[in-house]
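With UniProt numbering, the residue at position 15 of the sequence shown is 15, and numbering never jumps.
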Amino acid sequence: MTPDDETFLRRAVDIANEAGASGERPFGSLLVGADGTILAEDHNTVVSDSDITAHPELKLARWAARQLAPETAAGTTMFTSCQPCPMCATAIERSGLGRVVYALSAEQFEEVKPATPPLPPVRYEGPALFDEARRPIDNHY
């Protein structure tokens with residue numbers, strides 16, 4: 001971790017503090033180019049957007065996939081106040097970002113956040129209708 005990394009990571013924590021102070025969930029992220037330029041930054045807007053996917057890491061990964069050439073995305077670093085959740089981590093991988101630096105690990109987050117009741121399990125059923133379901137895939141690829 002370089003001094004610049006620490007500076008950018010502190011900015012992510014500042015963004016998280018600002019989000020929390022405004023009534024949002026306290027998470028913040030920024031995307032930095034290979035030259036050290038801040039390309040974009042965002043915070044969690046799950047509350048104001050009424051959108052369970054409005055995590056800053058996901059929003060920045062989507063922005064990068066739309067706005068950056070693959071070789072530019074590969075040279076970026078995302079700095080984030082907390083380790084990305086599995087949903088965000090998948091988006092980051094798919095968007096082609098080069099590196100992620102986070103302040104709080106998922107385990108540390110679980111230690112400091114208020115206890116929440118577990119969500120009820122979702123029942124998944126399948127696979128089914130293989131021959132029908134594969135047609136759109138076969139036609140596409």
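Glycine included, every Cβ here is placed at the ideal spot set by N, Cα and C.
Consult DSSP for R25 and reduce its assignment to one of helix, strand or coil. coil
Return helix, strand or coil for M1, following the three-state DSSP convention. coil
Which residue marks the beginning of the beta strand (DSSP E) containing R99, and which one marks its end? 99-104
Is S95 closer than 8 Å to L73 when the C-beta atoms are compared? Contrary to the premise, residue 73 reads as Ala rather than Leu in this sequence. Yes, they are a contact pair.
Nearest residue (CA-CA) to E41, options F79, I137, A106: F79
Among I38, K59, T7, which one has its Cα closest to the Cα of V46? K59
Kindly indicate the opening and closing residues of the beta strand (DSSP E) around S81. 77-82
What distance in whole Å lies between the Cβ atoms of A19 and F27, which are believed to be in contact at a cut-off of 8 Å? 6 Å
Would you list the one or two residues that DSSP bridges to L30? E41, F79
Going by alpha carbons, who is nearest to R52 out of E125, C85, P70? The sequence as given places Ile at residue 52; Arg does not occur at that position. Of E125, C85, P70, the residue nearest in Cα terms is C85.
State the CB to CB distance for the pair A91 and A61, rounded to an integer number of angstroms; the pair is presumed to be in contact (CB under 8 Å). 4 Å
With 16 other CB atoms within 10 Å as the buried threshold, where does S48 fall? exposed
Please name the residue, chosen from Q83, C82, L97, T37, that lies closest to W63 on a Cα-to-Cα basis. L97
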